[in-house]
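First the structure, in the form of structure tokens, and then the observations on it.
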Amino acid sequence: MGEHIQMLMLKAVRDPIRVIRHTAGTVITTMLEKLGVIACSQTLDQLAGFLSDGSADVVDGSFNALNKICEDGVSLLKQLWEAPAEYTEPFVTWSTQQLLPRVFEYASPRASVIARQNAIECLNHFALGWVLNDTERYAAFQPYAQRYVEALGILANDTDVVVLTHVCKGFVCIIENSWTCLAPQNAQAVVQYMLKASQHPAYEVRQEALEVWTPCTNSHEMLALIAPILPELVPVLLANMRFSNADYMGMEQAQIDDDNAEQPDQLEDIKPRFHKEDGDDDDDGQGQSGGAWGAEWTVRKAAASSLDHLANAFSAGILPIVLPLIQQRLEDPCWEVQESGVLALGAIAFGCMAGLVQFLPKVMELLLRLCRADKPLLRSISCWCCARFSSWFCQDQSCMDQAILREVLKALLERVLDKNKRVQEAACSAFATLEEEARLQLVPFLDDIVSTLARALQYYQAKNLLILYDAVGTLSEQVGQHLAKPQYIQALMGPLMAKFESVADNDRSIIPLFECLSALSQHLGEALLPVMPRLAQRCTRQVLEGAQASQRAQQNPNEFEKPDREVMAASIDLLAGIVEGLGERVQQVLAQHNFIMVAPEVLKDTSLQVKQSAFALCGDCAKNCIEYMKPFLPQVLPLCAASLRQNTSATVSNNAAWAIGEVCVRVGPEFMAPFLDDLMPALASVLTRQGMQYGQKQQLLTQNVCITIGRLGVVCGPQIAKGFGSFAQRWCLIMKHARLDHEKVNAFQGLCNMLRANPEAALGCVPALAGAIASFYPAPEFLQPSFAEILNSYKQQLGASWPEVYAQLPDDTKVRLGHMYNLGPS
Numbered sequence: 001m002g003e004h005i006q007m008l009m010l011k012a013v014r015d016p017i018r019v020i021r022h023t024a025g026t027v028i029t030t031m032l033e034k035l036g037v038i039a040c041s042q043t044l045d046q047l048a049g050f051l052s053d054g055s056a057d058v059v060d061g062s063f064n065a066l067n068k069i070c071e072d073g074v075s076l077l078k079q080l081w082e083a084p085a086e087y088t089e090p091f092v093t094w095s096t097q098q099l100l101p102r103v104f105e106y107a108s109p110r111a112s113v114i115a116r117q118n119a120i121e122c123l124n125h126f127a128l129g130w131v132l133n134d135t136e137r138y139a140a141f142q143p144y145a146q147r148y149v150e151a152l153g154i155l156a157n158d159t160d161v162v163v164l165t166h167v168c169k170g171f172v173c174i175i176e177n178s179w180t181c182l183a184p185q186n187a188q189a190v191v192q193y194m195l196k197a198s199q200h201p202a203y204e205v206r207q208e209a210l211e212v213w214t215p216c217t218n219s220h221e222m223l224a225l226i227a228p229i230l231p232e233l234v235p236v237l238l239a240n241m242r243f244s245n246a247d248y249m250g251m252e253q254a255q256i257d258d259d260n261a262e263q264p265d266q267l268e269d270i271k272p273r274f275h276k277e278d279g280d281d282d283d284d285g286q287g288q289s290g291g292a293w294g295a296e297w298t299v300r301k302a303a304a305s306s307l308d309h310l311a312n313a314f315s316a317g318i319l320p321i322v323l324p325l326i327q328q329r330l331e332d333p334c335w336e337v338q339e340s341g342v343l344a345l346g347a348i349a350f351g352c353m354a355g356l357v358q359f360l361p362k363v364m365e366l367l368l369r370l371c372r373a374d375k376p377l378l379r380s381i382s383c384w385c386c387a388r389f390s391s392w393f394c395q396d397q398s399c400m401d402q403a404i405l406r407e408v409l410k411a412l413l414e415r416v417l418d419k420n421k422r423v424q425e426a427a428c429s430a431f432a433t434l435e436e437e438a439r440l441q442l443v444p445f446l447d448d449i450v451s452t453l454a455r456a457l458q459y460y461q462a463k464n465l466l467i468l469y470d471a472v473g474t475l476s477e478q479v480g481q482h483l484a485k486p487q488y489i490q491a492l493m494g495p496l497m498a499k500f501e502s503v504a505d506n507d508r509s510i511i512p513l514f515e516c517l518s519a520l521s522q523h524l525g526e527a528l529l530p531v532m533p534r535l536a537q538r539c540t541r542q543v544l545e546g547a548q549a550s551q552r553a554q555q556n557p558n559e560f561e562k563p564d565r566e567v568m569a570a571s572i573d574l575l576a577g578i579v580e581g582l583g584e585r586v587q588q589v590l591a592q593h594n595f596i597m598v599a600p601e602v603l604k605d606t607s608l609q610v611k612q613s614a615f616a617l618c619g620d621c622a623k624n625c626i627e628y629m630k631p632f633l634p635q636v637l638p639l640c641a642a643s644l645r646q647n648t649s650a651t652v653s654n655n656a657a658w659a660i661g662e663v664c665v666r667v668g669p670e671f672m673a674p675f676l677d678d679l680m681p682a683l684a685s686v687l688t689r690q691g692m693q694y695g696q697k698q699q700l701l702t703q704n705v706c707i708t709i710g711r712l713g714v715v716c717g718p719q720i721a722k723g724f725g726s727f728a729q730r731w732c733l734i735m736k737h738a739r740l741d742h743e744k745v746n747a748f749q750g751l752c753n754m755l756r757a758n759p760e761a762a763l764g765c766v767p768a769l770a771g772a773i774a775s776f777y778p779a780p781e782f783l784q785p786s787f788a789e790i791l792n793s794y795k796q797q798l799g800a801s802w803p804e805v806y807a808q809l810p811d812d813t814k815v816r817l818g819h820m821y822n823l824g825p826s
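Going by the UniProt record's numbering, 202 is the number at position 202 of the sequence shown; the sequence numbering is gapless.
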């Protein structure tokens with residue numbers, strides 16, 4: 001049956017109707033995925049043979065199928081990077097022996113346009129998929145790397161826009177990945193070519209060519225080639241920053257309308273928003289997709305990003321070239337040219353800040369004027385640009401800087417209430433950036449800030465509310481209790497609670513709203529106590545309903561849909577914010593409604609995001625309201641252990657370990673005793689697991705697990721000491737490099753307890769133990785006698801073997817041990 005279908009599809013690939021040819025290619029690709037290269041080898045060979053057919057339709061059909069096959073095949077090669085060679089050898093052999101030699105024949109001016117387009121696209125699947133330049137795993141492709149570079153050079157003189165677009169993609173790939181086969185003289189030729197391509201009349205070619213300048217800034221060799229052409233390159237970048245027809249075609253009407261603030265947003269205007277997790281980057285407005293600047297990556301954005309990176313690379317060196325051009329644009333009577341000048345000014349802000357300082361008072365004066373320009377797009381970009389310079393005018397409290405801060409705030413707050421929704425968005429984003437730089441410098445201006453934000457909460461449509469929630473939450477983070485005045489609380493919480501009461505459970509705007517309320521709860525604490533029971537009650541209901549829905553979906557996936565886990569996580573985070581903000585006074589809320597009941601239910605959820613938030617909530621509750629937490633610990637502690645054993649997420653495991661530590665120091669040894677046989681092996685498994693990835697998060701996890709074990713040692717030293725020997729060396733090696741803080745001191749206090757109860761535990765790793773102890777220099781006063789006692793006892797116990805053990809210590813450790821503990825080789 002499979003062979004018969006393949007035969008029919010080979011016939012269809014030659015069909016004169018294009019849609020039939022291309023559909024046949026999709027079917028062949030799907031069959032190849034299911035049956036494998038060997039079972040389809042005759043079909044693949046015939047497809048490659050069709051390339052020499054005299055019919056343009058046949059060449060198009062065969063190339064279309066081959067391109068799909070290569071795209072999927074290269075993707076599979078990357079996925080099977082560590083798999084045995086037999087899994088990938090059939091595709092690699094066919095590609096290198098049958099396909100690529102023929103494809104290169106068509107990457108030539110002699111071939112037809114359709115053949116050239118498809119040939120370079122096919123080659124790019126291998127090049128952009130990192131296969132051609134991979135010397136480690138797929139060496140069979142190596143001979144084609146140089147041929148690919150030569151093919152790009154040949155096709156660089158093509159006149160077809162599609163071919164040139166693929167050529168530019170290829171050159172970007174070669175530069176970005178530092179292909180060793182690219183000789184220095186050829187690299188210089190590529191740079192010159194991409195400079196020319198960045199000025200090409202075709203938008204698509206310029207868009208791909210402009211992508212080369214950012215990776216060039218990551219290489220000293222490429223920077224040396226770019227430096228001499230900066231006087232040519234910079235004007236090209238600025239020319240590409242002006243709005244083009246393509247920008248206007250992709251632009252929402254809301255960016256242009258003079259007065260649309262009262263028009264409700266359409267559902268499609270509100271992009272999906274994702275709950276914040278650890279490590280999220282902030283968005284300064286211009287460099288990211290979406291927001292006030294549209295979702296599409298454009299020539300204009302690529303040019304601005306390139307100038308940004310060049311400014312960082314060359315700093316003051318680029319200013320004599322770029323400043324006259326920016327000034328010329330800012331003085332131009334055409335608002336579009338002015339706008340491109342403001343964009344360029346913002347692009348160089350970070351990289352050239354030191355060199356711009358002398359000009360900034362006048363620059364800010366101009367920007368503040370443009371914030372009030374007639375055209376919404378000019379107002380938007382000026383707000384963004386003001387925020388780019390916020391680190392300068394927020395750096396100290398001089399009179400001049402304070403005056404500029406006052407004027408910038410005034411301008412931004414005016415625009416926050418602009419009649420154009422996209423200006424509102426840009427101004428609100430700029431204000432959020434400014435908040436993080438100004439911090440407590442905002443306190444004298446809180447009256448105006450709060451009244452503006454309160455008005456915006458009532459004025460904004462759905463999309464801009466998401467950014468506004470973030471700005472309000474950030475304000476509380478930066479000024480803290482200064483925002484806790486009754487008049488500020490009333491002004492902000494009135495509209496926020498109205499939103500809280502009216503927003504539907506299935507409305508995703510609930511996520512940024514809850515994040516905002518969590519930040520306010522955390523930083524304003526008792527000032528929000530009157531509304532916290534209402535917040536807690538709704539969060540509890542939503543979390544429990546979500547947990548029940550999740551269980552139903554797991555049991556009957558065909559009948560029930562999964563709940564929105566991000567809403568669940570945001571609700572849990574809001575509960576954690578309430579706990580953290582109120583501290584021990586959270587017991588007043590818990591007395592009315594013990595929301596800790598959600599913990600055992602959500603910790604069983606399969607969502608890592610939900611578990612991450614839930615374990616953090618457990619740790620916060622253990623710190624601040626352990627008596628309310630105790631009834632749930634018989635369920636929570638085994639779930640902590642289970643999560644550590646699974647270790648499916650470093651962050652989830654980290655929060656689970658932290659929760660265990662917070663619990664143990666508050667409930668004491670008798671309460672913990674029944675759980676230790678489950679908890680200790682789970683914690684130890686994180687340290688002893690083979691093949692563990694040592695990324696930054698995983699390293700932080702192992703360190704925090706060691707700290708938790710140390711805290712358990714403080715509370716339950718004798719009980720857990722018996723198993724410590726199985727991972728004592730790993731514990732010591734990790735804690736040697738831990739940051740010197742209270743947690744490290746506390747962990748070593750637990751270590752002393754464990755070694756007193758079971759000295760044999762560390763007898764086999766005395767060098768590691770000595771190195772860990774010597775990481776304290778000087779040692780904490782109350783721990784030094786214990787350290788001395790432990791080290792000397794091991795010296796005595798080792799007896800004649802001590803000199804040999806001592807010789808294994810690094811020189812700096814020997815010096816420290818001699819100085820602090822009078823410990824030497826004999």
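Glycine included, each C-beta is placed from N, C-alpha and C at the ideal position.
Close beta carbons around residue i, own chain, < 6 Å, minus the five adjacent residues each side
i	result
TYR806	PRO825
GLU208	THR165, CYS168 and LYS169
ASP308	ALA347
SER521	LEU528, GLY577, ILE578 and GLY581
ALA292	Because the pLDDT at ALA292 is just 43, under 50, the model does not fix this residue reliably, and the value given afterwards should be weighed accordingly. Answer for ALA292: SER380, ARG422, GLU425 and ALA426, listed in chain order.
TYR821	ALA788 and LEU791
PHE445	LEU409
Three-state class that DSSP yields for residue i in the structure shown
i	result
ASN312	helix
PRO767	helix
ARG585	helix
GLY290	Only weak support exists for where GLY290 lies, its pLDDT of 41 falling under 50; the value from the coordinates is given anyway. Residue state, collapsed to three classes: coil.
ALA519	helix
ALA183	coil
residue 827	As shown, the chain starts at 1 and ends at 826. That puts residue 827 outside it, with no answer to give.
GLN263	coil
TYR106	helix
TRP335	helix
ILE740	Contrary to the premise, residue 740 reads as Leu rather than Ile in this sequence. Coil.
LYS485	coil
Residue i, enclosing alpha helix (DSSP H) - first and last residue
i	result
GLN255	From DSSP, GLN255 is part of no alpha helix (DSSP H); its letter is neither H nor E.
TYR794	784-798
PRO90	85-94
CYS70	56-79
residue 828	There is simply no residue 828 to check, as the chain begins at 1 and stops at 826 in what is shown.
ILE709	696-721
LYS611	608-624
ARG455	446-459
ARG422	421-438
Cβ distance (whole Å) where residue i is taken to contact residue j below 8 Å
i	j	result
ALA519	GLY473	3 Å
ALA344	VAL363	That pair is no contact at about 12 Å.
ASN753	GLY713	5 Å
ARG21	ASN64	6 Å
LEU377	VAL299	LEU377 to VAL299, Cβ: 16 Å. No contact.
CYS385	ARG415	The pair is not a contact, with the Cβ atoms about 12 Å apart (cut-off 8 Å).
8 Å CB neighbourhood of residue i in its chain, flanking five on each side removed
i	result
ASP448	LEU409, LYS410 and LEU413
GLY723	MET680, PRO681 and ALA684
ILE229	VAL191, GLN192 and LEU195
7 Å Cβ shell around residue i - same chain, five flanking residues per side excluded
i	result
ASN624	VAL579, GLY583, GLU584 and VAL586
VAL652	LEU608, LYS611, GLN612, PHE615 and SER643
ASP265	GLN461, ALA462 and LYS463
ARG102	ALA48 and LEU51
Cβ of residue i within 8 Å of any chain B Cβ
i	result
MET629	Within the model displayed, chain B is absent; a lone protein chain is all it includes.
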